[in-house]
Every structure is written in C-alpha cells, then in structure tokens.
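Undergrad: When the letters of the sequence shown are read in order and numbered with the numbering used here, they come out as residues 11 to 251.
Even glycine gets a Cβ: it sits at the ideal position worked out from N, Cα and C.
All values derive from a computational prediction rather than experimental measurement.
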Amino acid sequence: MPRLTPSLSGRGFTLIEVMVALLIMSLMSVMAWSGINGLLKSREIAQAHLDHSARLQTVMAQWEADLRAVQDSGAAPALTFDGAALRMTRQQPLGMQVVVWSLREGRLLRWEGPVVQSSTELGDSFERSARLQPQDRGQLRTLEGVGGWQLYFYRGNGWSNAQSSDDFSSEAAPPVAPPASGNGNGKGEGKADGKGDGANKDDSGPKRQILPSGVRMVLDFAPDSGFNGKLTRQIILGPQS
Numbered sequence: 011m012p013r014l015t016p017s018l019s020g021r022g023f024t025l026i027e028v029m030v031a032l033l034i035m036s037l038m039s040v041m042a043w044s045g046i047n048g049l050l051k052s053r054e055i056a057q058a059h060l061d062h063s064a065r066l067q068t069v070m071a072q073w074e075a076d077l078r079a080v081q082d083s084g085a086a087p088a089l090t091f092d093g094a095a096l097r098m099t100r101q102q103p104l105g106m107q108v109v110v111w112s113l114r115e116g117r118l119l120r121w122e123g124p125v126v127q128s129s130t131e132l133g134d135s136f137e138r139s140a141r142l143q144p145q146d147r148g149q150l151r152t153l154e155g156v157g158g159w160q161l162y163f164y165r166g167n168g169w170s171n172a173q174s175s176d177d178f179s180s181e182a183a184p185p186v187a188p189p190a191s192g193n194g195n196g197k198g199e200g201k202a203d204g205k206g207d208g209a210n211k212d213d214s215g216p217k218r219q220i221l222p223s224g225v226r227m228v229l230d231f232a233p234d235s236g237f238n239g240k241l242t243r244q245i246i247l248g249p250q251s
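1. Excluding five sequence neighbours on each side, which residues of the same chain lie with their C-beta closer than 8 Å to the C-beta of residue 122?
2. Quick check on the DSSP output: the alpha helix (DSSP H) that includes residue 74 runs from which residue to which?
3. What's the C-alpha gap between residue 86 and residue 131?
4. What's the C-alpha gap between residue 159 and residue 138?
5. Using only alpha-carbon positions, find the residue among 113, 164, 162 and 63 that is nearest to residue 142.
6. Buried or exposed: where does residue 73 fall if 16 or more other Cβ atoms within 10 Å of its Cβ makes it buried?
7. Residue 61 and residue 155: beta carbons closer than 9 Å?
8. According to DSSP, residue 146 sits in a beta bridge with which residue or residues?
9. Terminal residues of the continuous beta strand (DSSP E) containing residue 117?
10. Which first and last residues belong to the beta strand (DSSP E) in which residue 132 is found?
11. Going by CA-CA distance only, name the one from 119, 96, 46 and 23 that's closest to residue 173.
12. Output the distance between the C-alpha atoms of residue 165 and residue 99, rounded to the nearest integer angstrom.
13. Between 84, 66 and 58, which lies nearest to residue 231 when the distance is taken from Cα to Cα?
14. How is residue 170 classed by DSSP in three states: helix, strand or coil?
15. Excluding sequence positions up to five away, which residues of its chain have a Cβ less than 7 Å from the Cβ of residue 243?
16. Output yes or no for whether 9 Å exceeds the beta carbon distance between residue 224 and residue 78.
17. Which residue comes first and which comes last in the beta strand (DSSP E) that contains residue 105?
18. Which value, in whole angstroms, describes the spacing of the CA atoms of residue 64 and residue 75?
19. By the three-class DSSP mapping on this structure, what secondary structure does residue 97 have?
20. Is DSSP giving residue 244 helix, strand or coil here?
21. Give me the DSSP bridge partner(s) of residue 225.
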C-alpha cells in the first residue's frame with residue numbers, strides 16, 4: 011500500500027509563532043492604551059483649565075459687582091486699602107453692607123458683613139472688619155495661588171497707588187454755636203458784630219473722603235496656580251446717589 015503523508019496545509023501554529031503573535035498583540039494593546047491615556051489626560055488638563063477660567067471669571071464678576079455698588083454713607087470709610095485688605099461699604103436693596111477683599115497666604119478671600127440700616131451698625135461692622143483674623147469664620151476662599159496684588163485708584167487725570175492716594179473734601183463739620191449770655195432772669199442777650207477773621211476759621215472737623223472714579227487691580231499668580239503671569243482688571247465706580 012502507498013504510504014500516506016500529512017498535508018502541510020493542515021498543520022497548526024508552532025509555539026514560537028504563537029508567542030510572536032501574542033507579543034505583537036501586546037505591543038498593539040500598549041500602544042492603543044497609551045493613546046487613550048494621552049487623550050484622557052489631555053481632556054483632564056483642558057477641563058481643569060476651563061474650571062480655573064470659569065472660577066476666575068466668577069470671582070472677577072463678584073469683585074466688580076461689589077465696587078459698582080460702593081456707596082459713601084458718611085458713617086464709615088467707603089473705600090480703603092491698607093496693602094493687605096480692600097474694605098468698602100456697598101449698597102444693598104435692604105441697607106448697607108461692609109465687604110472686605112483680602113490676600114492671606116496666597117489666597118484671595120472675601121468677607122461680607124450683615125446688611126444694616128443704621129449708621130451705628132454700619133460703623134460697628136466696619137470696625138469688626140478691621141479686626142478680622144485668618145481663622146475667623148465667614149471668609150470665603152475665592153482664588154488660590156495668588157502671589158501678590160496691587161491696587162490703584164484713578165483720581166484727576168491718572169492712576170496712583172491706592173495706599174497713598176486718599177483724598178478728602180475741604181468740607182468740615184459745621185462748628186458748634188457758642189451759648190448766648192443771660193442776665194439770670196430767663197432773658198438772654200446776644201451780640202454779633204458781623205466781623206470775622208479768616209485766620210481764626212476752624213476747619214479741624216471731620217472731612218469727607220472723595221471716592222476715586224476708577225479702581226485697578228493687578229494680581230500676580232504663583233507658578234503652580236494654573237494661571238500664567240499677571241491679571242489686570244479695572245472698573246469705573248458707579249455714581250453716588
């Protein structure tokens with residue numbers, strides 16, 4: 011009988027061929043995963059930038075809203091800056107409110123006092139705002155990674171440092187009238203000669219602060235803040251009623 015030989019077309023893969031095929035598939039899987047991982051990381055980075063930008067825009071919108079509502083009540087300074095905190099009194103539908111923006115340990119914070127309706131309460135709230143401590147409650151962390159800030163007020167025809175540009179009107183509080191002389195019988199006699207001496211004019215009374223017409227803020231961001239360089243934002247203050 012003739013001897014039958016196995017057909018070459020029917021033989022299976024060798025172990026080496028299987029290992030080579032598995033190696034190729036592994037390399038393709040790694041390359042595919044690297045591509046997917048890169049896309050996911052790019053998406054996360056893009057989303058983080060969008061979140062940072064959205065938060066920054068929200069904070070700047072609130073800052074502008076506070077300044078546009080600044081109102082000089084006469085009971086407390088309407089707008090002051092001491093290098094660490096910007097304090098203001100702003101108008102609310104139900105009264106007046108003290109708002110403080112401050113920079114502490116790389117964080118831009120915002121604090122707001124209660125809405126009050128009397129001059130005494132407004133003065134007390136302003137004094138309380140000057141004693142705020144980092145651990146006090148009610149201070150909202152608006153931005154992280156702020157390395158420094160500078161504020162400028164616009165008065166006249168130019169910008170000047172907000173710490174050295176306070177201006178006051180020449181209007182002083184009216185002097186107290188002297189008591190009239192009397193004769194002890196309930197009748198008083200007053201004399202006035204109509205003469206005045208300009209050298210004796212008393213203008214030492216309290217003077218009213220003149221608000222700037224514009225405010226400029228420059229934020230210097232830290233390298234790890236997610237923002238690059240500096241941000242400059244300026245605003246024109248609203249009219250005083």
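TA: Based on what the coordinates show:
1. Here residue 122 refers to the residue found at position 112 when the sequence shown is read from its first residue. Contacts found: 107, 108, 109, 110 and 148.
2. Translated into the one-based positions of the sequence shown, residue 74 becomes position 64. Element bounds for residue 74: 25-78.
3. For this step, residue 86 is matched to residue 76 along the sequence shown. For this step, residue 131 is matched to residue 121 along the sequence shown. So the two alpha carbons sit approximately 10 Å from each other.
4. Position 149 of the sequence shown, counted from the start, is the residue given in the question as residue 159. Position 128 of the sequence shown, counted from the start, is the residue given in the question as residue 138. The straight-line gap from Cα to Cα measures roughly 23 Å.
5. Within the sequence shown, numbered from 1, the residue matching residue 142 stands at position 132. Residue 142 has its Cα closest to that of 113, out of 113, 164, 162 and 63.
6. In the sequence shown, the residue the question calls residue 73 occupies position 63. Buried, because 16 or more other Cβ atoms sit within 10 Å of the Cβ of residue 73.
7. Numbered from 1 along the sequence shown, position 51 holds the residue referred to as residue 61. Numbered from 1 along the sequence shown, position 145 holds the residue referred to as residue 155. Taking 9 Å as the Cβ cut-off, residue 61 and residue 155 do not qualify as a contacting pair.
8. On the sequence shown, residue 146 is found 136 positions in, with the first residue counted as 1. DSSP, once it has assigned bridges, lists no residue as partnering residue 146.
9. Looking up residue 117 in the sequence shown gives position 107. It spans 117-122 - the beta strand (DSSP E) in which residue 117 sits, taken as one unbroken run.
10. Counting from one through the sequence shown, the residue named residue 132 turns up at place 122. No beta strand (DSSP E) holds residue 132; the alpha helix (DSSP H) holding it covers 129-139.
11. Position 163 of the sequence shown holds residue 173. Checked all of 119, 96, 46 and 23; the closest Cα to residue 173 is 96.
12. Along the sequence shown, read from residue 1 onward, the residue named residue 165 stands at position 155. Along the sequence shown, read from residue 1 onward, the residue named residue 99 stands at position 89. One C-alpha to the other measures close to 19 Å.
13. Locating residue 231 in the sequence shown gives position 221, where the first residue counts as 1. Checking every option, the nearest Cα to that of residue 231 belongs to 66.
14. As a position in the sequence shown, residue 170 is number 160, starting the count at 1. Note: residue 170 maps to strand in three-state DSSP.
15. Reading the sequence shown from its first residue, position 233 is the one you call residue 243. If we look at residue 243 and ignore the five residues flanking it on each side, its Cβ neighbours are 70 and 227.
16. As a working note, residue 224 is residue 214 in the sequence shown. As a working note, residue 78 is residue 68 in the sequence shown. Contact: no.
17. By one-based count along the sequence shown, residue 105 stands at place 95. Note, residue 105: beta strand (DSSP E), 105-114.
18. Position 54 of the sequence shown, counted from the start, is the residue given in the question as residue 64. Position 65 of the sequence shown, counted from the start, is the residue given in the question as residue 75. Straight-line Cα distance between these residues: approximately 16 Å.
19. Stepping through the sequence shown from its first residue, residue 97 is reached at position 87. Three-state result, residue 97: strand.
20. Here residue 244 refers to the residue found at position 234 when the sequence shown is read from its first residue. It is a strand residue.
21. Stepping through the sequence shown from its first residue, residue 225 is reached at position 215. 163 and 245, per the DSSP bridge assignment.
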